[in-house]
Amino acid sequence: MKVILFNGSMNEQGNTYYALHEIEKILNNEGIETELLCIGNKPIRDCIACGGCVGKGRCVFNDDIANEWLGKMEKADGFIFGTPVYFAHASGRLQSIMDRMFYANKKVFAHKVGAVVSIARRAGTTFALDNLNKYLLMSNVIIPGSTYWNVVFGRTPGESQGDAEGMQTMRNLAKNMVWVMKCLEIGKNSNLLPPDLEYDAKTHFIR
Ligand SMILES: Cc1cc2nc3c(=O)[nH]c(=O)nc-3n(C[C@H](O)[C@H](O)[C@H](O)COP(=O)(O)O)c2cc1C
């Protein structure tokens, strides 16, 4: 089984990395393969609502990482998105990528185990969590919990390692994630497959 950890900070070795790495260590100890990807600092496009992705499962733009990350998700069984908090919301760059990934192909996340984590100096973590959880909650993702909200505090790169409860929350999230993934694997091997869902009704309140 494989989990992709998406780091939404352009700091490759910043606090978001340390939070995700804490999760990664538990996953690896439990025999789960991981890949930790960083959003980096190259330009990221916004969704331009062209609709060109509909039915294709890929964004029309191939000059950044959106389609590459979608391709990685196809082969993964679970995922975590980690974000630094910027003005009490998730990273705008990460939101742009997630808009395009989930609009083009949210089925690639469906019935997989996923979670989001946020990292801040002081405030705004739960807003960022709400922000990112909304992508998962309408994409049939199975979201494990932890012993606190999935937040870690730290300002300068690496400071988050000193947030004992934050790191404990990351480890417990990872343990719950492993447990749910293993339960799903046992289910799959017993032919207990994800349900067939309805997608036909799409209303917009005036008809
Ligand atoms: C543009 C910007 C806005 C920020 N806004 C907040 C904020 O609203 N609340 C907060 O506690 N920290 C804020 N921070 C601090 C970062 O969230 C914090 O340093 C975090 O650890 C950075 O994660 P990273 O090292 O993975 O990049 C902000 C940082 C930047 C660059």
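Position in the sequence shown counted from 1, then plus 819, gives you my numbering. For each residue, glycine too, the CB sits at the ideal point set by N, CA and C.
Looking at residue j and residue i, is the spacing between their C-beta atoms short of 8 Å?
| i | j | result |
| --- | --- | --- |
| N950 | T966 | no |
| M957 | V927 | no |
| I961 | V999 | yes |
| K994 | I899 | no |
| A838 | V936 | yes |
| A947 | T902 | yes |
| E852 | K821 | yes |
| I823 | A895 | yes |
| L1016 | N959 | yes |
| M829 | G870 | no |
| V904 | T944 | yes |
Decide if residue i is buried, meaning its Cβ has at least 16 other Cβ atoms within 10 Å, or exposed.
| i | result |
| --- | --- |
| H1023 | exposed |
| G850 | exposed |
| K931 | buried |
| T975 | exposed |
| I884 | buried |
| Y954 | buried |
| S910 | buried |
| G897 | buried |
| I1005 | exposed |
| Q832 | exposed |
| L1011 | exposed |
In whole angstroms, what separates the C-alpha of residue i from that of residue j?
| i | j | result |
| --- | --- | --- |
| I916 | D982 | 28 Å |
| Q980 | N886 | 32 Å |
| G973 | L889 | 30 Å |
| I867 | E843 | 34 Å |
| G827 | A1020 | 33 Å |
| T835 | A907 | 15 Å |
| V873 | E978 | 42 Å |
| P1013 | N969 | 26 Å |
| C878 | R864 | 10 Å |
| R941 | P862 | 27 Å |
| C857 | F921 | 18 Å |
| N1008 | I1025 | 44 Å |
| D918 | N848 | 32 Å |
| E854 | F880 | 23 Å |
| Q914 | F825 | 12 Å |
| E984 | G964 | 15 Å |
| D882 | C1002 | 38 Å |
| M986 | K925 | 29 Å |
Can residue i be considered in contact with ligand 2, in the sense that its beta carbon sits closer than 7 Å to one or more heavy atoms?
| i | result |
| --- | --- |
| Q914 | The model depicted lacks ligand 2 and carries ligand 1 instead. |
Beta strand (DSSP E) runs contained entirely in the stretch 849–911, provided each spans 3 or more residues: Secondary structure within the stretch 849–911: the beta strand (DSSP E) runs of 3 or more consecutive residues, fully enclosed, are 852–857 and 897–905 (chain order).
Please list the segments of the alpha helix (DSSP H) lying wholly inside the stretch 931–1017, counting only runs of 4 or more residues, in order along the chain. The qualifying runs are 944–956 and 983–1008.
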